[in-house]
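Report on one structure; see the data block that follows.
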Amino acid sequence: MNYLEAILKVLAVGLVLGAGLPAIFAVGLVAFSKGSGGVGNDGATTAPNPALKVAGLLLFTLVAAVIVIAILYITKGTIQHHFGFNPVAFLPK
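Spelled out as structure tokens, the structure:
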């Protein structure tokens, strides 16, 4: 059962980071684009929607934070060796 649990954990992380982050980024891109307003293909104009722009920016920030935390987690050993502190102390060991 230990192997099955490990495989399922790797699968879950792969789905979240492999498919989930690009999907969140795409939703943020659509929200930011719709929030900008502008002129459509038929010539109709739409007013800017600040709430959608903020939602898009929040989703971009979330994706960027996950990427930065992942890089810090991967390089944690090197950072601890050279600088003497744990950059991701809030994550479990």
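First residue of the sequence shown? That's 7 in our numbering, and the numbers climb one at a time after it.
Every residue, glycine too, gets a C-beta built ideally from N, C-alpha and C.
- Distance between Asn47 and Ala76, taken at the CA atoms: about 40 Å.
- Judged by DSSP in its simplified three-state form, Val45 adopts strand.
- By the Cβ-count criterion, Val69 is buried, with 16 or more other Cβ atoms from all chains shown falling within 10 Å of its own Cβ.
- Apart from the 5 residues on each side of it in sequence, Tyr9 has no Cβ closer than 6 Å to any other Cβ in its chain.
- The beta-carbon distance between Leu65 and Gly34, rounded to whole angstroms, is 3 Å. This is short enough to meet the 8 Å contact definition.
- When DSSP states are grouped into helix, strand and coil, Thr81 belongs to the coil group.
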